[in-house]
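Be aware that the sequence shown starts at 28, since it is given in the working numbering, and climbs by one per residue. All C-beta atoms, glycine included, are put in the ideal place defined by N, C-alpha and C. A quick note: this is a predicted structure, and the numbers were derived from the prediction, not measured. Notes follow the structure.
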Amino acid sequence: MSNNSKTTFGHLLKMWRKKAALSQQQLAFAAGTTPRHLSFIETGRSRPGRSIVLRLGQALDLSIRNQNALLVAAGFTPRFPERDLRDERTQPYLRAVESILAQHEPNPGAAFNSLGCIVLVNRPFRTMFPDCLKLSPEQSVDVFFSPGPYRDRMENWAEVAWAWIDRQQHEVARTNNVELARLVERAMDHLREVERPESSQDSPDVIGPRFRVGDQVIRTFFTVMKFESALEITLSELRIELLFPLDDTAVEFFQALDYS
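Here's what the structure looks like:
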């Protein structure tokens, strides 16, 4: 491990510790080491072993992608693999996601990657958002946040848009994902003149899109599923969102939706 590597690792570790609002003593205790040893690691006076790097990453509750980055900064090879979703080794998990989406019909469902891009959809979702799989991350943001059909058809667009911003800003703070941070900033550019709606006693328990279709309002909410214990990066970052009807009008709308 070169001196430069020691410095890079120490700075990275200190950044994550500060983000977690932990003292050296608190992090050392959580990672099973001493404050003195941790101080030496952060300043580059001591070279960390692979085991302590992993324990520090876990104690900081880092994503496995960021745990890999911590290992690389310390001069080690990554611990967690990153595969394409269609890789042979991820096929059982891919089939599970496809099964969940299919069984969710006639209600819409989709799977998103770490940048919020749609990677898998079921037939109702594709019917409602026909071009969703063709969009780049930047195009996805522009289509949703710019004035246009997607924005116009959603009665509570501002509420949903600001909820997306809050969720993604939290994710940026948690993961330090630079690409996602750029997308959030891009979305914020569209929201400069859009006030954040205030919640009230009449606000729903769960924020969900309300779509205007003709003279009807289709009220929905969604739930999220994740591979919580995944040790592979692509699966760990996959987010499955399932849209549900909130009332009988929405139930009837999705049941009548022609997605053949």
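Val199 is positioned such that its CB atom lies no closer than 9 Å to that of Val187. Look at Ile260 here: in three-state DSSP terms it is helix.
Distance from the CA of Met181 to the CA of Leu65, rounded to the nearest whole angstrom, comes to 51 Å.
DSSP places Ile234 in the coil class of the three-state scheme, outside both helix and strand. Rounded to whole angstroms, the Cβ separation of Phe107 and Gln94 is 7 Å, and the two are in contact under 8 Å. Ala101 sits in coil when the DSSP states are folded into three classes, being neither helix nor strand.
Under DSSP, Gln243 shares a beta bridge with Val240. In this model, Asp179 and Ala55 are separated by some 52 Å (Cα to Cα). Thr60 counts as buried, since no fewer than 16 other beta carbons sit within 10 angstroms of its beta carbon.
Residue pairing for Ile145: DSSP places it in a beta bridge opposite Phe139. The criterion of a C-beta distance shorter than 9 Å is not satisfied by Leu269 and Ile91.
It is roughly 20 Å from the alpha-carbon of Arg246 to the alpha-carbon of Phe172. Excluding the 5 residues flanking it on each side, Ala86 has same chain C-beta neighbours closer than 7 Å at Leu54, Ala57, Ala58, in chain order.
With a cutoff of 9 Å on beta-carbon distance, Val168 and Leu265 are scored as not near each other. In the structure shown, Val251 falls within a strand segment according to DSSP collapsed to helix, strand and coil.
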